[in-house]
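*Asks:* Sequential numbering from 1243 applies to the sequence shown in this note's numbering.
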Amino acid sequence: MDYDFRNRPAPAYDSHAPAYGRSSTPHASPFYPKIGQPAGAPFGRASSLHQAPSATSPGFGIRVAIKPEYRITPPPQMAPVVADIPWSTFSFDFDFERKILAEAEKDSQNWNRIAETHAPKTGESTTSLGSASSGNPVVNKFVASGLGREAVCLAVANYGDNPTKVREFVHGYNLLREMGFSSKNVAEVLATYDNDTDKALAHFLNSTS
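1) What is the rounded straight-line gap between the Cα of Ala1442 and the Cα of Arg1409?
2) Quick check: the Cα distance between Gly1414 and Trp1353, rounded to an integer number of angstroms?
3) Return helix, strand or coil for Ile1304, following the three-state DSSP convention.
4) Alpha helix (DSSP H) containing Glu1345: first to last residue?
5) What's the C-alpha gap between Ile1308 and Gly1422?
6) Taking the C-alpha atoms as reference points, what is the distance between Ala1429 and Val1385?
7) Thinking just about the alpha-carbon of each residue, which of Gly1303, Val1412 and Ala1444 is nearest to the one in Asn1400?
8) Assign Gly1303 to one of two classes, buried (16 or more other C-beta atoms within 10 Å of its C-beta) or exposed (fewer than that).
9) Taking the alpha-carbon positions, what's the Asn1427 to Val1398 distance?
10) Under the three-state reduction of DSSP, which class applies to Thr1315: helix, strand or coil?
11) Determine the DSSP secondary structure at Lys1474, reduced to helix, strand or coil.
12) Straight-line CA distance for Thr1406 to Phe1336?
13) What do you get for Asn1416, buried or exposed, if any count of 16 or more other CB atoms within 10 angstroms of its CB means buried?
14) Give the secondary structure of Ser1350 by DSSP, where H, G and I count as helix, E and B as strand, and everything else as coil.
15) In chain order, what residues of the same chain lie with their CB nearer than 7 Å to the CB of Thr1315, ignoring the 5 residues before and after it?
16) Whose C-alpha, out of Glu1392, Pro1317 and Met1320, is nearest the C-alpha of Ser1424?
17) Please report the distance separating the alpha-carbon of Pro1317 from that of Arg1305.
18) Could you name the residues of the same chain whose beta carbon sits closer than 8 Å to that of Leu1418, not counting the 5 residues immediately before and after it, in chain order?
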C-alpha cells in the first residue's frame, strides 16, 4: 500500500519556539545559560576575580612612592632684601703697573727711569724717621734737591754725604716701594746689593715664589 506524503497535514508552526530543540539531557548544565533566556548572574568564582573598585579609591592609575632620602627638600628661607649698597666712586689707575710689566718684557730694563717719574713730591715727609732727621744738614741738602725725605734719611744713614750713592739708593728705594715692598726690607736689600735695583727686585721675586 502506497502512502502519499503530500496529503499529510503539516504540523502547526509555533513562532515563539526556539530555533533549536531542547537538549536531550534532562538537566541543563549550570555553566551555560539556556538558549533564548536572559543570562543570569555571573558565576561566584568569576565575581571574586573581578571585584568592583572601592568607593574610596581616587581612580585608576599607577601610584608611585618616593623614598625619603630621594625627596627634594624645600629651598631655604632667604634673608630679607637689604638696601642697595652704593657703588664705589674710586677710580683705579694701573698705569704704573702697566709700565712695570712693559719694562720687564724688555731685554734691558731701566727701572730708574720709572722711579723718577713716580718719585715723591719735594719735601714730603711720611715717617717719623724723616721728622727726626729734619735738623740734619746733609739730609736737608738732598731733600732740597728734590729727593724724598724718607729715602734720603735711609740713604744718608748707609752712605753718608755721598751724592752718587744717595741718589742711586733713593731711585731704587722709590721704585721698590711703589711695587709694594716694605721700607725696612727695601733698605736692607738695596744695601746688600749695592743699590742694584735689578738684583734687589730678583731677590724679592724669588723670596715670594
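For each residue, glycine too, the CB sits at the ideal point set by N, CA and C.
Quick caveat, the model's predicted, so the values are computed rather than measured.
*Replies:* In this structure, then:
1) Position 200 of the sequence shown, counting from 1, holds the residue named residue 1442. Position 167 of the sequence shown, counting from 1, holds the residue named residue 1409. Cα to Cα, the separation comes out at about 16 Å.
2) As a working mapping, residue 1414 is identified with position 172 in the sequence shown. As a working mapping, residue 1353 is identified with position 111 in the sequence shown. About 8 Å.
3) Numbered from 1 along the sequence shown, position 62 holds the residue referred to as residue 1304. The answer is coil: DSSP assigns Ile1304 none of H, G, I, E or B.
4) Within the sequence shown, the letter at position 103 stands for residue 1345. Note, Glu1345: alpha helix (DSSP H), Asp1337 to Ala1346.
5) Residue 1308 sits at position 66 when you count from the first residue of the sequence shown. Residue 1422 sits at position 180 when you count from the first residue of the sequence shown. Straight through space, the alpha carbons of Gly1422 and Ile1308 are spaced by roughly 60 Å.
6) If you number the sequence shown from 1, residue 1429 lands on position 187. If you number the sequence shown from 1, residue 1385 lands on position 143. Going by the C-alpha atoms only, they are around 18 Å apart.
7) For the purposes of this step, residue 1400 is taken as residue 158 along the sequence shown, with counting starting at 1. Looking at the Cα atoms, Val1412 is the closest of the given residues.
8) One-based indexing of the sequence shown puts residue 1303 at position 61. Exposed, by the Cβ-count rule.
9) The residue labelled residue 1427 in the question sits at position 185 within the sequence shown. The residue labelled residue 1398 in the question sits at position 156 within the sequence shown. Each residue's alpha carbon lies about 17 Å from the other.
10) As a first step, residue 1315 is located in the sequence shown; it is residue number 73 there, counting from the start. Coil.
11) Residue 1474 lies beyond the range of the chain shown here (1243 to 1451); nothing can be said about it.
12) To locate residue 1406, count along the sequence shown from 1; it is residue 164. To locate residue 1336, count along the sequence shown from 1; it is residue 94. So the alpha carbons of these two residues sit roughly 31 Å apart.
13) Taking the sequence shown and counting its residues from 1, the one referred to as residue 1416 is at position 174. Buried, by the Cβ-count rule.
14) Start at 1 with the first residue of the sequence shown, and residue 1350 comes out as number 108. Looking at Ser1350 - three-state DSSP - the assignment turns out to be coil, as it is neither helix nor strand.
15) Your numbering for residue 1315 matches position 73 in the sequence shown. Here the set comprises nothing.
16) Looking up residue 1424 in the sequence shown gives position 182. Answer by Cα proximity: Glu1392.
17) Your numbering for residue 1317 matches position 75 in the sequence shown. Your numbering for residue 1305 matches position 63 in the sequence shown. Between Pro1317 and Arg1305, the alpha-carbon positions lie close to 26 Å from each other.
18) Counting from 1 along the sequence shown, the entry for residue 1418 is found at position 176. Cβ neighbours of Leu1418 beyond the five flanking positions: Val1428, Val1431, Leu1432, Thr1439, Ala1442, Leu1443 and Phe1446.
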